[in-house]
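Order-wise, the sequence lines are chains A and B. Just so you know, the numbering used here puts the end of the first sequence at 568, numbered straight through with nothing missing. Just so you know, the numbering used here puts the end of the second sequence at 283, numbered straight through with nothing missing. Backbone N, C-alpha and C define an ideal beta-carbon position, used for all residues, glycine too.
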Amino acid sequence: MTTTTASAPLAQKRVRRTSAGSRVTGPILTVVTWLIALLFFFPVAWMVISGFKTEALAAELPPRFLFTPTVQQYANIVSRGVVPYALNSLMASVLSTLFVVVLAIPAAYALSMRPIPKWRDGLFFFLSTKMLPIAGAIAAIYLLATTLHLLDNVWVLIILYTSMNLPIAVWMIRSFMLEIPIELVEAAKVDGASFIRMLVSIIFPLLAPGLSSAALICFIFSWNEFFLAVNLTSTRAPTLPVFLTGFITSEGLFWAQLSAAATLCALPVVIAGWVSQKQLVRGLSLGAVK
Amino acid sequence: MPALLFMILITQLPFLITLYNSFRRWILVRPKEHGFVGLANYQAVLSDPAFLHAVWITIVLTASAVLVSLIFGLVVALLLDRKFVGRGVARTLLITPFLVMPAAAALVWKTLMLNPDFGIVDWVLRPFGGGNIDWAGRHPLLTVILVLVWQWMPFMMLILLAGLQGQSPDIIEAAGVDGAGAFAIFRWMTLPHLRQYMELCVVLGSIYIIQTFDQVYLLTQGGPGQATTNLPYFIYLKTFRAGNIGYASAAGVIVVIGTIILATFALRLVASMFRQEGPAR
Numbered sequence: 279m280t281t282t283t284a285s286a287p288l289a290q291k292r293v294r295r296t297s298a299g300s301r302v303t304g305p306i307l308t309v310v311t312w313l314i315a316l317l318f319f320f321p322v323a324w325m326v327i328s329g330f331k332t333e334a335l336a337a338e339l340p341p342r343f344l345f346t347p348t349v350q351q352y353a354n355i356v357s358r359g360v361v362p363y364a365l366n367s368l369m370a371s372v373l374s375t376l377f378v379v380v381l382a383i384p385a386a387y388a389l390s391m392r393p394i395p396k397w398r399d400g401l402f403f404f405l406s407t408k409m410l411p412i413a414g415a416i417a418a419i420y421l422l423a424t425t426l427h428l429l430d431n432v433w434v435l436i437i438l439y440t441s442m443n444l445p446i447a448v449w450m451i452r453s454f455m456l457e458i459p460i461e462l463v464e465a466a467k468v469d470g471a472s473f474i475r476m477l478v479s480i481i482f483p484l485l486a487p488g489l490s491s492a493a494l495i496c497f498i499f500s501w502n503e504f505f506l507a508v509n510l511t512s513t514r515a516p517t518l519p520v521f522l523t524g525f526i527t528s529e530g531l532f533w534a535q536l537s538a539a540a541t542l543c544a545l546p547v548v549i550a551g552w553v554s555q556k557q558l559v560r561g562l563s564l565g566a567v568k
Numbered sequence: 003m004p005a006l007l008f009m010i011l012i013t014q015l016p017f018l019i020t021l022y023n024s025f026r027r028w029i030l031v032r033p034k035e036h037g038f039v040g041l042a043n044y045q046a047v048l049s050d051p052a053f054l055h056a057v058w059i060t061i062v063l064t065a066s067a068v069l070v071s072l073i074f075g076l077v078v079a080l081l082l083d084r085k086f087v088g089r090g091v092a093r094t095l096l097i098t099p100f101l102v103m104p105a106a107a108a109l110v111w112k113t114l115m116l117n118p119d120f121g122i123v124d125w126v127l128r129p130f131g132g133g134n135i136d137w138a139g140r141h142p143l144l145t146v147i148l149v150l151v152w153q154w155m156p157f158m159m160l161i162l163l164a165g166l167q168g169q170s171p172d173i174i175e176a177a178g179v180d181g182a183g184a185f186a187i188f189r190w191m192t193l194p195h196l197r198q199y200m201e202l203c204v205v206l207g208s209i210y211i212i213q214t215f216d217q218v219y220l221l222t223q224g225g226p227g228q229a230t231t232n233l234p235y236f237i238y239l240k241t242f243r244a245g246n247i248g249y250a251s252a253a254g255v256i257v258v259i260g261t262i263i264l265a266t267f268a269l270r271l272v273a274s275m276f277r278q279e280g281p282a283r
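The following block contains the structure:
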């Protein structure tokens, strides 16, 4: 009734029940799975394809899958001025991610490897801030930014994205730190290593994969952020989502151009997400699911 | 702890200012009418049918998007928890909608996919007599829910798949040997095992989906009329279109209080998962 592949690696050793019925249902289920996968992916594929069409082709029905691709739309969005938007997006995402990591490492350390008193309260305070709806305070944030002359300045986004992602990073990095064998740290202490030295030569190398996946998650959330970018920036510091709002009323006018712009906006995060698939779950569940 | 100080400053200060403003009359276009008005803003918000409608829309939107994503996510996770040709590729394709910038996804859905004249969904449905449907105009809530489910199903699927793969194969095997059928194993073993993962999906999904703004702003602009105006969009309108800071702040405080109630459940859940991690060092 049950078969397990003895030669399979331990992680993949999963039970397959191969009763008479499942020999038929197996292939059917595989086809169904593939159909769902293709259905879900279709809008993304269609977006990418349409970005290489001319405007006339993009709105043509029946839809054309075979055509001579053109990069004209990418040239068009560049002349429409996408580059400064992309640079702002890059600056806001990269710098906020950097700040998040720098702030999160000591916080995670104080909440895991050398717990401060009331560390549990600290940990849950970080998480609770993630749950407050940002729209509730948008008026205050807007007024505060105006008072501090930070409105339409990329730094307001950097600061807010840092606070938005810090809880995620603290929780994630903490859960990675808990996996570092305490014996290594103790041994280093016995050998008289200083705190900095221990951090650099023991904790960082072990933490590197965890840090990079936390950074990726933070980058994804900052890059895709819309609400704050739309409300707090206009001409000097707008990011890519703000560029996209220029297409709201494009009823059949600039679909190919819109597709090219959407592809450009989506691409970095889609690739980052594909590469870091395994860590994605852990980040999204704040480290709760391994 | 610099991180803690930073978080307290950045996250708590705006909420304190919001609280303070919620007790004041402050409309940007009428700068001379400043002043404390006690609870008048709260009274105005709570007796405003438009606010109550936005609360209702938020509940409908969040509940349906979360539930449909969860059920669909569970089905797809079960399908993916098998060995088959190209499993890794299928999984990669399935998580992609979650990664696409929501603003870009919303615009693509609005035009290329769902446009009543040139959209591809219209073209596919036409032979079945379902063509020329003005999705965003006639079924605005359904449209927003559809796009939300498309983006959030992969999220639920990922967490549930991790849950399925954390299930001990030995126990399932033992149950199989004891003569339990596939359905019995699912009903009495897999489902209870997945329960906490499903709860996590619901809680995290709700927290994110309650804050939905991008899709509403780009797909329907909260309309037609008020049909898709959820709370974030409602507060946005009151703040930036009406300039009524006092009213928007009071609405914000009410929303935050509501979310805190929800978040308390959420924190309790995460805390219970977290205790199973074992004692911290």
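- One Cα belongs to Ile61 (chain B), the other to Gly181 (chain B), and the distance between them is close to 44 Å.
- Scanning chain A for C-beta atoms nearer than 7 Å to the C-beta of Trp154 (chain B) yields nothing, as the closest lies near 11 Å away.
- With contacts defined by Cβ atoms closer than 7 Å, Asp430 (chain A) and Ala507 (chain A) do not form a contacting pair.
- The residues Ile498 and Leu558, in chain order, have a CB closer than 7 Å to that of Gly551 (chain A) in the same chain once the five nearest residues on each side in sequence are set aside.
- At a cut-off of 7 Å between beta carbons, Ile73 (chain B) makes no contact with chain A.
- Check the Cα spacing between Lys556 (chain A) and each of B:Gly90, B:Gln223, B:Ile262 and B:Ile135: the tightest is with B:Gly90.
- DSSP, reduced to helix, strand and coil, places Gly359 (chain A) outside both helices and strands of the structure shown, so it counts as coil.
- Listed in chain order, the non-local C-beta contacts of Thr231 (chain B) below 8 Å within the same chain comprise Ala52, His55, Ala56, Ile59, Val218, Gly224, Gly225 and Leu239, local neighbours out to five positions each way being set aside.
- Here Arg452 (chain A) carries a helix assignment [DSSP, helix/strand/coil].
- The beta carbon of Met115 (chain B) falls within 7 Å of a beta carbon belonging to chain A, placing the residue at that interface.
- Under the DSSP assignment, Arg26 (chain B) falls in the beta strand (DSSP E) whose first and last residues are Arg26 to Ile29.
- Beta-bridge partners assigned by DSSP to Gly561 (chain A): none are found.
- At a cut-off of 7 Å between beta-carbon atoms, Asn431 (chain A) makes no contact with chain B.
- Around the beta-carbon of Gln45 (chain B), fewer than 16 other beta-carbon atoms lie within 10 Å, marking it exposed.
- Within the stretch 237 to 251 of chain B, Ile237, Tyr238, Thr241, Phe242, Ile247, Ala250 and Ser251 place their CB atoms closer than 8 Å to a CB of chain A, listed in sequence order.
- Trp501 (chain A) has its alpha-carbon roughly 27 Å from the corresponding atom of Phe74 (chain B).
- Taking C-beta atoms under 8 Å as the contact rule, Pro411 (chain A) and Val258 (chain B) qualify, at a distance of about 7 Å.
- Its chain contains Trp501, Thr517 and Leu518 as the residues whose beta carbon lies nearer than 7 Å to that of Ser367 (chain A), once the 5 sequence neighbours on both sides are disregarded; these appear in chain order.
- If you check each beta-carbon in the stretch 344 to 360 of chain A against every beta-carbon of chain B, none falls closer than 8 Å.
- If you look at Arg197 (chain B), you'll find it in the alpha helix (DSSP H) that goes Leu193 to Ile212.
- Neighbours of Met325 (chain A) in chain B, taken as residues whose beta carbon is under 7 Å from its own, are Val110 and Leu114 in chain order.
- CA-CA distance, Leu41 (chain B) to Thr424 (chain A), rounds to 26 Å.
- For a cut-off of 8 Å, the C-beta gap from Ala336 (chain A) to Ser537 (chain A) is around 7 Å, short enough to register as a contact.
- For Trp449 (chain A), the nearest beta carbon of chain B is not closer than 7 Å to its own beta carbon.
- Relative to the Cα of Leu269 (chain B), the nearest Cα in the group A:Asp399, A:Leu422, A:Ala534 and A:Gly488 belongs to A:Asp399.
- Its chain contains Leu63, Thr64, Ala67, Val68, Leu150 and Trp154 as the residues whose beta carbon lies nearer than 8 Å to that of Ile211 (chain B), once the 5 sequence neighbours on both sides are disregarded; these appear in chain order.
- Under the 8 Å Cβ criterion, the stretch 188 to 195 of chain B does not count as touching the stretch 10 to 20 of chain B, having fewer than three qualifying pairs.
- Judged by pairs of C-beta atoms under 8 Å, the stretch 449 to 462 of chain A touches the stretch 387 to 394 of chain A, as three or more such pairs exist.
- Collapsing the DSSP output to three states places Phe86 (chain B) in coil.
- For Val205 (chain B), not one C-beta of chain A is nearer than 7 Å to its own C-beta.
- Judged by their CB atoms, Phe319 (chain A) and Leu95 (chain B) are nearer to each other than the 7 Å cut-off.
- Excluding sequence positions up to five before and after Phe532 (chain A), its CB lies within less than 7 Å of the CB of Glu333 and Phe525, all in the same chain and listed in chain order.
- Ser208 (chain B) and Gly260 (chain B) have their C-alpha atoms spaced approximately 12 Å apart.
- Annotation for Lys467 (chain A): the continuous alpha helix (DSSP H) segment containing it runs Ile460 to Val468.
- Of the candidates A:Thr513, A:Phe521, A:Ala492 and A:Phe505, the residue whose Cα lies closest to the Cα of Phe242 (chain B) is A:Phe505.
- Contacts between Cys543 (chain A) and chain B, judged by CB atoms closer than 9 Å, involve Val102, Met103, Ala105 and Ala106 in chain order.
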